[in-house]
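Respectively, the protein sequence lines represent chains W, X and D. Under numbering that gives the first Met the number 0, the letters of the first sequence match residues 0 to 288, in that order. Under numbering that gives the first Met the number 0, the letters of the second sequence match residues 0 to 494, in that order. Under numbering that gives the first Met the number 0, the letters of the third sequence match residues 0 to 430, in that order. Some notes on the structure that comes next.
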Amino acid sequence: MEKKPKMVSMSKRRRTVNIISYITLALISIVWILPFIFLLLKSFDVGNPGVTGYVFPEQWGFDNYIYLFSAETNFLQWYFNTFIIALFVCVIQTAMQFMMSYVLSRFRFKLRKPLMNIMLVLGMFPGFLTMIVLYQILKTFGLTGDNAVPGLILVYCASSGMGYYVSKGFLDTLPKSLDEAALVDGATRAQIFIKVILPLCKPILIYTVLTSFMGPWGDFVFAYTVSLGSQAGMNVAAGLNSWLSAANIGAHFAHFCAGGVIVAIPVMVLFLFLQKYYVEGVTGGAVKG
Amino acid sequence: MKQYSDLELLRLSRSQKFGYKVGLFFKRIPLWFKNLGIKIWGFIKGIGLGIFNWFKTIIMTFIQGDWKTKVSYFVMGFGSIARGQILRGIIFALFEVVFILYMVFFGGHYLSRLYILGEVESAVDAESGTIVYGENSFNILLYGVLTLFFIVAFIYTWNLNIKQNRISEQIIKDNKKLETAQDDLRAMVDKEFHKTLLAIPTIGILIFTVLPIFFMILVAFTNYDANHTPPLNLFGWVGWDNWAQLFTWTNSDGASFSMTFGQILLWTLIWAFFATFSNYFIGMLIAMLINKKGIKLKKLWRTVLVFSIAIPQFISLLFVSNMFKTDGIINGILGTHIDFWGNAILARITVIVINLWIGVPYLMLVVTGILMNIPADLYESANIDGANPWQQYSKITLPYMLFITGPYLLTSFTGNMNNFNVIYLLTGGGPNVQEYYGNAGKTDLLITWLFSLAVNDSNYKLAAVIGIMVFIVVAVLSLVVYNIIPSTRNEEEFQ
Amino acid sequence: MARVKITNVKKIYSGNVVAVHDFNLDIADKEFIVFVGPSGCGKSTTLRMVAGLEDISEGTVEIDGEVVNDLQPKDRHISMVFQNYALYPHLTVYENMAFPLRLDKNIRHYELSEEERAADEKKLAELQKDPVKNAKKIAQVEEELEKGKAVKGYTNDQIYEKVTSAAKVLGITQYLTRKPKALSGGQRQRVAIGRAMVKDCKVFLMDEPLSNLDAKLRNQMRAEIILLRKRINTTFIYVTHDQTEAMTLGDRIVCMKDGYIMQVGTPTELFDMPANLFVAQFIGAPMMNTIKTNLYSKGGKYFVKVFGHELEVTGEKGEMLKKRNTPDREINLGVRPEHITFARDKGSNSFPVTIEVNEMMGSEYHLHVVTEDGTKLVVRIPTINLSESEREGMVMGNKINVTFEGKAMHFFDLETERNILVDQENAPEIK
């Protein structure tokens with residue numbers, strides 16, 4: 000008889016705690032979702048193209064989207080540029096990172112530690128330091144301005160071997176006896192890499208492809224520098240950003256929002272499908288870092 | 000100070016233990032420096048010894064080698080070809096030819112001008128009125144450095160060629176068979192597969208990271224700025240002049256570089272600290288809330304947060320930045336006219352808060368992964384021992400998390416120091432103030448300042464100085480923290 | 000099917016850590032050799048050097064008369080079973096077992112069928128009309144007639160044949176289409192063995208293959224390995240830390256400690272005449288008891304003084320002592336727990352002990368006892384011969400009488416711990 004009221008109070012307490020938790024989570028979700036709702040709403044605002052203080056537009060319409068696909072802008076060109084860049088980058092960058100991480104995870108050679116240390120030190124320099132020089136190098140080969148797309152691909156990919164950490168962390172967890180078994184079974188190192196290791200790396204491969212595909216969509220600095228002054232060579236980030244300069248923002252903010260929605264949709268869809276792999280990569284990478 | 004054994008230490012109270020450990024830490028500093036000194040000395044000695052031994056083997060190989068080897072000292076690959084290893088020989092010889100051609104027709108000139116970075120100025124031709132370009136300091140520096148790299152590569156290859164000769168001679172002496180071209184090709188996908196794989200990534204890093212960084216380090220010792228921009232103007236070596244600016248407190252034309260640097264460095268560190276730890280703890284809190292027993296729809300809550308990672312930052316950040324403008328949505332909803340980006344303190348607080356919105360989802364994922372790895376029986380046993388939720392958190396969850404995420408916290412701290420996107424896209428560094436040098440603003444980090452100095456002001460020399468300073472700060476911080484945190488684990492442990 | 004000769008092999012890791020010292024062993028064709036020892040004794044390292052997974056710092060390894068030091072693992076004609084199975088998780092059981100066969104690109108000769116032979120001969124006659132021009136082709140056809148048809152690698156049919164027959168032997172046919180993840184530990188082990196079996200190999204290496212299995216499965220698999228060995232009939236090198244496996248499987252056992260070989264011999268030799276105290280205590284369970292005492296001769300007979308009694312050394316050991324004319328000396332006397340027997344009556348050679356712990360094993364008691372002078376001993380007493388009251392007496396604190404026979408004694412030097420009855424001039428320091 001004594002126990003019963005206590006149990007009730009405990010379950011009651013648990014219920015209140017849960018209710019509070021749900022309310023908190025709901026609030027958090029709203030805070031995180033709200034800016035996207037605002038962005039979406041603004042993109043349908045045809046009344047006032049500048050920055051506005053209201054939430055719901057007075058005049059609704061698709062004009063902002065129609066504008067994006069009209070001949071007045073280079074948006075389609077930017078979009079296409081970014082897509083091409085992202086496509087190449089996700090293939091090349093993934094390949095480079097896996098070559099590097101496979102070697103560092105599986106081979107023991109004299110220069111291994113020095114190589115890792117050098118890359119660690121290089122990573123401590125701010126990346127933009129290299130920008131000025133890279134711009135000049137690319138300019139010498141005519142890969143700036145209108146031809147910025149191949150130039151940007153080169154810039155994103157060339158040093159990507161340095162980002163080997165996450166995939167190496169994953170490779171390190173694959174038992175070495177697999178390699179050894181394959182070696183005894185008569186495989187060459189190249190065959191081991193292709194036939195044994197790569198098939199096992201599917202989750203982290205997808206993670207790497209996903210992140211390297213997403214990178215070019217958001218990069219502003221290099222894209223802006225390399226494509227300097229050329230509308231045809233810009234990616235979406237540099238292009239859309241040009242609409243937010245003090246001179247343009249009054250007329251183009253709503254266009255920016257519409258463009259943002261168009262850019263975000265494919266990336267988001269891809270992301271939601273591959274979320275599982277992304278989460279695996281993030282958690283694994285941080286722990287093994 | 001009294002030395003305690005590990006067992007005696009157990010009897011001390013927490014504060015005594017802390018005091019003892021702090022004392023011990025300071026007591027160990029001289030030893031630490033001594034060890035560092037020994038390490039550095041050993042390193043230098045090792046290099047010296049290495050060079051000495053290298054010379055010795057080179058000379059000994061020449062003396063003891065047969066004529067084929069001797070000729071190879073001058074004609075690379077000769078020995079290999081003479082011994083029937085045609086493929087190797089041709090590659091060596093080809094490399095030598097390319098090197099010589101490069102030096103004669105290209106690199107030699109730039110290398111010889113490297114010491115002065117050019118003297119012939121551009122001038123306007125009096126008759127035609129067109130500009131006659133002089134020497135290009137930028138190209139001299141860039142290609143000079145490239146040539147230096149090439150020379151190092153040549154010496155390495157030359158040494159490889161000598162080594163090949165030595166090994167081949169030994170193999171012939173032992174009556175064994177030399178590797179054929181087929182063996183070499185087979186080794187490329189088997190025994191030497193790592194070299195094949197590394198070739199492209201390392202060349203990429205060398206040209207697109209090492210070379211530019213080397214170049215920029217050198218730029219920090221030149222007067223390369225808006226007034227000295229090739230191809231119209233020359234720039235030249237100025238020694239430590241740019242660095243001296245870091246320590247000159249007064250400046251004739253207004254704001255001093257050193258003061259601005261100090262202020263911005265301080266803000267960078269404050270920002271990195273708050274950005275890292277606010278994300279860390281709030282991310283952990285939300286992760287624990289979602290993972291709590293009895294909470295349903297876990298996947299939904301997680302997905303909602305992860306949503307914000309999926310959207311390219313430049314869209315979300317630029318939009319949010321405009322939300323906080325005086326005529327933006329936030330003020331519209333509140334019915335106020337708060338100038339979030341105009342007031343220094345308000346702007347700083349706002350960027351830290353908005354950064355939560357960017358960073359927390361990511362942290363939440365990281366923490367969720369680790370939380371699931373904490374053995375459940377730890378909590379069960381704590382429950383039996385009578386620990387309340389707070390005690391469970393502070394005695395089990397937090398220490399475990401800190402141990403596992405130690406290195407991650409460090410990298411995210413340094414990452415935040417260089418978090419260009421958030422600051423640049425939100426505030427552009429503003430609000431800009433008069434007392435700062437070079438149009439820097441109150442929320443500028445070193446990295447965004449570097450960017451605006453280089454891109455807007457073409458002040459490359461000081462951008463280079465800042466870049467190097469960022470490196471030094473990050474390097475020192477990493478070195479110290481890595482030596483303190485316990486979770487620097489052995490990488491072989493996992494295998 | 001090959002002889003394996005390991006000569007002066009050493010393994011030195013960076014930092015001058017020596018994992019294996021001067022390992023010498025000659026393994027006969029079709030012999031089953033077991034490397035046994037505690038963890039860290041270098042047994043796995045030695046095996047891995049034979050396999051080519053670990054560089055050999057010094058010395059040579061020969062397989063079938065060929066020095067294989069510089070050969071890649073795949074060129075050494077070996078098969079290997081790993082401790083954690085090392086199955087490829089992304090491949091089915093069938094593909095796992097077919098993996099080595101698919102990679103094999105060696106040329107093999109098969110006997111020609113009647114028709115093929117006839118066709119070849121006809122072709123040869125045709126070619127010989129112009130022997131100068133067709134010289135190359137003639138040589139080709141002649142070689143085919145002589146050696147048989149040359150085929151590179153295996154055809155799919157051959158692979159299917161080999162894999163399914165191996166699977167049948169191991170009883171895993173119904174799992175061939177599954178992935179390793181869907182198998183139990185024992186089944187995975189069978190697949191791993193199967194993968195090693197299908198390959199043509201001269202030496203079959205097994206690195207602690209049973210240590211990841213539970214006790215019951217381990218016993219079962221042990222028996223199966225004995226059967227497998229009969230079927231494959233090749234040279235085996237088997238690494239284990241379990242002395243039972245070593246005793247039951249090995250033709251010869253190599254007992255190792257800290258990188259040194261302690262003793263090489265048949266299981267009987269190791270059990271009956273251990274070269275030193277380490278081997279004596281490593282082989283056999285529970286561990287051999289030692290009693291520090293005196294060995295002395297009296298009237299042509301040898302005696303040891305045990306707890307106040309004089310026990311005569313009888314049997315083979317007594318003869319050997321006599322033959323060697325061993326001087327009186329202090330020794331460590333070793334007696335296996337199973338050789339100490341329960342004495343019903345207080346006879347002349349029995350001595351009283353106090354029971355400290357009694358472990359009931361079902362068929363026998365393992366008694367941890369203390370003698371009157373404080374020496375601790377372990378005694379194994381079969382329960383079947385004990386009466387009801389005697390069993391009741393086997394409780395903590397009770398006193399019983401035990402004794403042991405003179406022929407069950409082992410004698411070890413106090414200093415070197417070596418068996419004084421085994422000649423070992425070049426034996427390494429044990430401590």
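The beta-carbon is built from N, C-alpha and C at its ideal position, and this holds for glycine as well. Just so you know, these numbers come straight off a predicted model, no measurement behind them.
Is the Cβ of residue i closer than 8 angstroms to any Cβ of chain W?
i	result
Phe81(D)	yes
Lys73(D)	yes
Val319(X)	yes
Phe51(X)	no
Ile236(D)	no
Leu227(D)	no
For chain D, find out if any of its Cβ atoms is closer than 8 angstroms to the Cβ of residue i; answer yes or no.
i	result
Ala180(W)	yes
Ser28(W)	no
Pro198(W)	yes
Tell me the residue span of the alpha helix (DSSP H) that contains residue i.
i	result
Tyr459(X)	459-483
His365(D)	Not the alpha helix (DSSP H): His365(D) falls in the beta strand (DSSP E), residues 363-370.
Tyr378(X)	375-384
Considering residue i, what are the terminal residues of the beta strand (DSSP E) in which it resides?
i	result
Cys254(D)	251-256
Lys9(D)	3-12
Thr415(D)	First-last for Thr415(D): undefined, no H or E at that position.
Ser264(D)	First, the residue type needs correcting, since residue 264(D) is Gly and not Ser in the sequence shown. From DSSP, the beta strand (DSSP E) with Gly264(D) extends over 259-264.
Gly58(D)	57-62
Arg379(D)	375-381
Val21(D)	The question names Val, but residue 21(D) is Asp in the sequence shown. Run containing Asp21(D): 16-26, per the beta strand (DSSP E) assignment.
Would you report the Cα separation of residue i and residue j, rounded to the nearest angstrom?
i	j	result
Ile344(X)	Lys44(X)	52 angstroms
Gly264(D)	Ala284(D)	19 angstroms
Val33(D)	Val268(W)	58 angstroms
Phe17(X)	Gly405(X)	20 angstroms
Ile37(X)	Leu30(X)	10 angstroms
Arg87(X)	Ile80(X)	7 angstroms
Val190(D)	Leu86(D)	8 angstroms
Ile18(W)	Ser320(X)	33 angstroms
Leu370(X)	Met400(X)	8 angstroms
Glu119(D)	Tyr101(X)	Here residue 119(D) is Asp; the residue named in the question, Glu, does not match the sequence. Roughly 60 angstroms between the two C-alpha positions.
Ser13(D)	Thr6(D)	22 angstroms
Ala222(W)	Ser451(X)	16 angstroms
Under 8 angstroms Cβ-Cβ, which residues of chain W neighbour residue i?
i	result
Gly331(X)	Thr51, Gly52, Tyr53, Val54
Ala453(X)	Phe127, Met130, Ile131
Does the CB of residue i have a neighbour CB from chain X at under 8 angstroms?
i	result
Thr15(W)	no
Ile152(W)	no
Leu142(W)	no
Lys32(W)	Looking at the sequence itself, residue 32(W) is Ile, so the reference to Lys does not match. So yes, Ile32(W) belongs to the interface.
Could you tell me which residues DSSP puts in a beta bridge with residue i?
i	result
Ser296(D)	Tyr301(D)
Val408(D)	Note on identity: in this sequence residue 408(D) is Met, with Val being the wrong assignment. Beta-bridge pairing links Met408(D) to Val334(D).
Trp236(X)	Thr221(X)
Val162(D)	For Val162(D), which the question treats as bridged, DSSP gives no partner whatsoever.
Residues of chain W with CB closer than 7 angstroms to the CB of residue i, please, in chain order.
i	result
Asp103(D)	Gly185
Pro99(D)	Asp184, Gly185
His89(D)	Pro198, Leu199
Ile419(D)	Per Cβ cutoff of 7 angstroms: no residues; Ile419(D) is ~43 angstroms from chain W at best.
Going along chain D in order, which residues have a C-beta closer than 9 angstroms to the C-beta of residue i?
i	result
Ser166(W)	Those within 9 angstroms of Ser166(W) in chain D number zero; the least Cβ separation is about 17 angstroms.
So which residues of chain D does residue i contact, with C-beta pairs closer than 8 angstroms?
i	result
Pro174(W)	Asn83, Ala85
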